[in-house]
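Below is one structure; the comments refer to it alone.
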Amino acid sequence: MKRKRLINISKAIGKYLFRVLTLLLATSVVAFVLASLSPIDPVQQYVMGAGAVSMEQREAISEYWGLNAPPTERYLNWLSAILRGDMGVSILYRQPVAYIIADRFINTFALMMTSWILSGIIGFTLGCIMGIWRGKWVDSIIKRVCLVLCSVPTFWLGLVFLLIFSVWLGWFPIGFSSPIGIADSDVSIWQRLYHLALPALTLSFISFANVAMHTRQKLVDVLESDYVLFARARGEDTWTIMKRHGFRNTLLPAITLQFASFAELFGGSVLAENVFSYPGLGSAVSAAGLNSDVPLLLGITLFSALFVFSGNFIANIIYGVVDPRIGEERPHGQAIGD
Amino acid sequence: MCHDNLPLLEVDNLSVSFRMYDKAFEQRDLKVIQDLTITVNKGEILAVAGSSGSGKSLLAHAVLGLLPQNATVGGRIFYKGRPLDVENQRKLRGSEIALIPQSVTYLDPLMQVGKQARGADKSPKRLRRQREVFQRLNLTRQTEKLYPFQLSGGMARRVLFSTAIITDAELVIADEPTPGMHLDQALEALSILRELADKGKGIILITHDIDLALQFADKIAVFYAGTTVEELPVADFAKGPGALRHPYSKALWHALPQNDFMPIEGFQPYAGDLPEGCLFAPRCPLKTSECEAENPPMRKLRGGKVRCVHAS
Chain S
1 MKRKRLINIS KAIGKYLFRV LTLLLATSVV AFVLASLSPI DPVQQYVMGA GAVSMEQREA
61 ISEYWGLNAP PTERYLNWLS AILRGDMGVS ILYRQPVAYI IADRFINTFA LMMTSWILSG
121 IIGFTLGCIM GIWRGKWVDS IIKRVCLVLC SVPTFWLGLV FLLIFSVWLG WFPIGFSSPI
181 GIADSDVSIW QRLYHLALPA LTLSFISFAN VAMHTRQKLV DVLESDYVLF ARARGEDTWT
241 IMKRHGFRNT LLPAITLQFA SFAELFGGSV LAENVFSYPG LGSAVSAAGL NSDVPLLLGI
301 TLFSALFVFS GNFIANIIYG VVDPRIGEER PHGQAIGD
Chain A
339 MCHDNLPLLE VDNLSVSFRM YDKAFEQRDL KVIQDLTITV NKGEILAVAG SSGSGKSLLA
399 HAVLGLLPQN ATVGGRIFYK GRPLDVENQR KLRGSEIALI PQSVTYLDPL MQVGKQARGA
459 DKSPKRLRRQ REVFQRLNLT RQTEKLYPFQ LSGGMARRVL FSTAIITDAE LVIADEPTPG
519 MHLDQALEAL SILRELADKG KGIILITHDI DLALQFADKI AVFYAGTTVE ELPVADFAKG
579 PGALRHPYSK ALWHALPQND FMPIEGFQPY AGDLPEGCLF APRCPLKTSE CEAENPPMRK
639 LRGGKVRCVH AS
């Protein structure tokens, strides 16, 4: 039994490994094709600020970056380098791509996790409130707010927040991850959090509506199920029913959804970081795109694909652990049936 | 306030209808139960028999106040002589009135069944009682830790059955508790209900299995198209068609496999498409013009009750 289980687990791991490799390969091909189709000339972008640059010099830069080789060869060069662990050097920042990703991911990670937790908690709470009082005025008001928030674009909400909280009220800074004119090593954690707050709030506003609506729907299903009817037949009141059946049956899909929402979180962070000039992966990737910085673009694309994949992977694992029905084997040493 | 001579539960001309949306926005009331009358005394098992769609489960839900919001309830229900209103239903269900539901979907899929059987009561007394009842129902100690999806059909039935026995309810409404159980398990379950009745509790046993009902029940109420057509002592049913009062009960008797296995022509009318007057009239051999005037009232006859003008 033990051995069989071990084989099953290694099979599953192998399957996921294969999936992630093919996923990364496909993502890199698509990203590369899109980048080579881009009308932006990296050399032009590079020399723009440098005044008069002769054609020979441009040619030399182009040759130095390897831009003269045909696209297939360039892709294969990049691929063989990355298989050796070398992600290349960013044209834009003139730093190794791996270094830029590591540096900026910390900022993005702080931003995403803050908004992720915020949106999870707010969304689940609101969803439960709507579900319990479904059809009542509380439900319809929150539902409308959620629907509006679902349809609002991130960058627009970011601009509105900037306008209200930074410009009018002056509660939060206009942008960046730390105060201007202070050495990076001197910035305190509080200053960082202070700069993080508004972009994080924007991001969580975008996703909590989604979480709330899903939670509401699931809770309504649960509360209208036979087992809740039976719980009521046994004299349990609404709160007891929520404690015994409601949360248990609603939390699981909510958590799964939350982990599966990494992709939207990443997409949202690109927009939010640009609006707030927040130096994270999102603003780096759009800068890389606008300057045809292919190594950086591909590096971040691969990294974000891996990140989203991990989110979905964790969601799958959690489902298996929390929901007893999904475990492959039945509990040990029990006679099943009669 | 407890009068021993009062019936435990008295359902008097109960009607249940659902507000439905037909096409577009046309709203209409669909009457699924009408003129339903039963009486359960202390120490008595009342078996409720009738085909699917005759309103058996709805009766259970109406007594407990569990009907959905679009349901309208008419008529009167008395528990120990007091009207069973929404307030009383809320107070009594689970403590004095217990339900044995009819399908596994009434168990929470994510909760261990032992915990579900005990309910919200976390006292050690409850735990002891649950273990006793499980043992009695031949459910092993490990069963407590299983989730509903891990149970066989018969085990799930017995877990559902245990939920009512664990409480000290005065009135147990068992909604088809035995299908899926082996015969000996079913017999054990019903003898537990018999013991409860003998201790002075009242039982409503909703069942398709008339054979089993005959062995354990005191009275039978025969349902047809959402109404009671006859309430009779169980002995009369065993005696055969001669002792029965209503033509539908006689037809039911003839249709049983152990008797003639002869079905009657036609089918039970659907709710929303009920005939005028007596609901059984279109299929009744005794039908006269009198039958089509109005649904006849329940009247006493030979120690039972019948809803038929021709019964004698």
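Going line by line, the protein sequences match chains S and A.
The first sequence lines up with residues 1 to 338 when you count with the working numbering.
The second sequence lines up with residues 339 to 650 when you count with the working numbering.
Glycine included, every Cβ here is placed at the ideal spot set by N, Cα and C.
Remember, it's a predicted structure, so these values are computed and weren't measured experimentally.
Give every residue of the same chain whose Cβ lies closer than 8 Å to the Cβ of residue i, excluding the five residues on either side of it in the sequence, and list them in chain order.
i, result
"LEU159 of chain S", "VAL275"
"ASN291 of chain S", "ILE40, PRO42, GLN45, TYR46, ILE91, LEU92"
Please state the DSSP three-state secondary structure of residue i.
i, result
"GLY457 of chain A", "coil"
"PHE259 of chain S", "helix"
"SER390 of chain A", "coil"
"HIS332 of chain S", "Only weak support is given to the placement of HIS332 of chain S: the predicted model assigns it a pLDDT of 44, under 50, and the value that follows is read from those uncertain coordinates. In the structure shown, HIS332 of chain S sits in coil (DSSP, three-state: anything other than H, G, I, E or B)."
"ASP536 of chain A", "helix"
"ASN408 of chain A", "coil"
"ARG357 of chain A", "strand"
"VAL29 of chain S", "helix"
"ARG428 of chain A", "helix"
"ASP338 of chain S", "Only weak support is given to the placement of ASP338 of chain S: the predicted model assigns it a pLDDT of 40, under 50, and the value that follows is read from those uncertain coordinates. In this structure, ASP338 of chain S counts as coil in the three-state DSSP scheme."
"LYS369 of chain A", "strand"
"GLU273 of chain S", "helix"
"VAL644 of chain A", "strand"
"LEU290 of chain S", "helix"
"GLU364 of chain A", "coil"
"GLU224 of chain S", "coil"
"ASP350 of chain A", "strand"
"TYR93 of chain S", "coil"
"GLU236 of chain S", "coil"
"ALA559 of chain A", "strand"
"ILE376 of chain A", "strand"
"ARG583 of chain A", "coil"
Can you give me the Cβ contacts of residue i inside the same chain, cut-off strictly under 6 Å, excluding the 5 residues immediately before and after it?
i, result
"VAL43 of chain S", "ARG58, ILE61, SER62"
"ILE341 of chain S", "As displayed, chain S neither begins before 1 nor continues past 338, which places residue 341 of chain S out of reach and without an answer."
"ALA254 of chain S", "PHE124, THR215"
"TRP352 of chain S", "A question about residue 352 of chain S goes unanswered here, because the residues of chain S that appear run from 1 up to 338."
"PRO173 of chain S", "HIS195"
"MET636 of chain A", "THR375, LYS643, ARG645"
Near residue i, which residues of its chain fall below 7 Å by C-beta distance, leaving aside the five closest residues on each side in sequence?
i, result
"ALA535 of chain A", "GLY381, GLU382, ILE383, ILE541"
"GLY333 of chain S", "Reliability of the predicted coordinates at GLY333 of chain S is poor, the pLDDT of 40 falling under 50, and the value obtained from them is presented with this limitation in mind. Contacts found: none."
"GLU264 of chain S", "SER207"
"LEU617 of chain A", "TYR562, ALA563, THR565, PRO607, ASN633"
"VAL370 of chain A", "VAL354, SER355, PHE356, GLY393, LEU396, GLY564, ALA609"
"GLY120 of chain S", "VAL211, GLN258"
"CYS340 of chain A", "Residue confidence is low: CYS340 of chain A scores 48 on pLDDT, short of 50, so the model does not pin down where it sits. Its coordinate-derived value is still stated next. Taken in chain order, the residues that qualify are LYS418."
"GLU434 of chain A", "ALA507, GLU508, LEU509"
"VAL322 of chain S", "LEU252"
"PHE105 of chain S", "LEU281"
Which residue's Cα is closest to the Cα of residue i: the options?
i, options, result
"GLU568 of chain A", "A:THR505, A:ALA387, A:LEU402, A:GLU470", "A:ALA387"
"LEU203 of chain S", "S:ILE117, S:GLY85, S:THR27, S:PHE18", "S:ILE117"
"TYR19 of chain S", "S:ILE326, S:ASN312, S:PRO324", "The sequence given here has Arg at residue 19 of chain S, not Tyr. The shortest Cα separation from ARG19 of chain S among S:ILE326, S:ASN312, S:PRO324 belongs to S:ASN312."
"VAL294 of chain S", "S:ALA52, S:PRO96, S:LEU23", "S:PRO96"
"ASP556 of chain A", "A:PRO571, A:CYS646, A:HIS546", "A:PRO571"
"PRO70 of chain S", "S:ILE180, S:VAL33, S:ASP86, S:ALA52", "S:VAL33"
"LEU448 of chain A", "A:GLN488, A:PHE416, A:TYR417", "A:GLN488"
"PRO620 of chain A", "A:PRO585, A:ALA398, A:SER490", "A:PRO585"
"ARG248 of chain S", "S:THR154, S:SER36, S:PRO324, S:LEU147", "S:PRO324"
"GLY246 of chain S", "S:ILE129, S:TRP65, S:ALA260", "S:ILE129"
"LEU368 of chain A", "A:PRO345, A:THR375, A:THR410, A:LEU374", "A:THR410"
"GLY64 of chain S", "S:GLN45, S:ILE91, S:ALA260, S:SER166", "In the sequence under discussion, the amino acid at residue 64 of chain S is Tyr, which differs from the Gly named in the question. For TYR64 of chain S, the nearest C-alpha among the options comes from S:ILE91."
"ARG467 of chain A", "A:CYS629, A:VAL349, A:ASP522, A:THR501", "A:THR501"
"MET213 of chain S", "S:ASP237, S:GLY299, S:ILE132, S:ARG244", "S:ILE132"
"THR27 of chain S", "S:ILE317, S:LEU297, S:ILE326", "S:LEU297"
"LEU344 of chain A", "A:LEU352, A:VAL442, A:PRO421", "A:PRO421"
Does any C-beta atom of chain D lie closer than 8 Å to the C-beta of residue i?
i, result
"LEU384 of chain A", "Going by chain labels, chain D is absent from the structure shown, which instead holds the protein chains S and A."
Segments assigned alpha helix (DSSP H), at least 4 residues, entirely inside the stretch 594-640 of chain A: none
Chain-ordered residues of the stretch 433-452 of chain A with a beta carbon less than 8 Å from chain S: SER433, ALA436, LEU437, PRO439, SER441, THR443, TYR444, LEU445, ASP446, PRO447, LEU448, MET449
Within 8 Å of chain A by C-beta, residues of the stretch 238-262 of chain S in sequence order: Those would be THR240, ARG244, HIS245, ARG248, ASN249, LEU252, in chain order.
Interface positions of the stretch 543-561 of chain A facing chain S (Cβ-Cβ less than 9 Å), listed along the chain: none
Contained alpha helix (DSSP H) runs [length at least 4] in the stretch 124-189 of chain S, N- to C-terminal order: 137-151, 154-161
Length-filtered (3 minimum) beta strand (DSSP E) runs lying within the stretch 465-553 of chain A: 509-513, 540-544
Inside the stretch 34-91 of chain S only - alpha helix (DSSP H) runs reaching at least 4 residues: With a minimum length of 4 residues, the continuous alpha helix (DSSP H) runs that stay inside the stretch 34-91 of chain S are 42-47, 55-65, 71-83.
Where the stretch 224-238 of chain S meets chain A: residues whose CB sits under 9 Å from a CB there: GLU224, SER225, ASP226, TYR227, VAL228, LEU229, PHE230, ALA231, ARG232, ALA233, ARG234, GLY235, GLU236, ASP237
Residues within the stretch 310-325 of chain S neighbouring chain A, beta-carbon criterion of under 8 Å: ASP323, PRO324, ARG325
Chain S contacts made by the stretch 511-533 of chain A, where a contact means CB separation under 7 Å: none
Against chain S: residues of the stretch 380-406 of chain A by CB proximity under 7 Å: LEU402, LEU404
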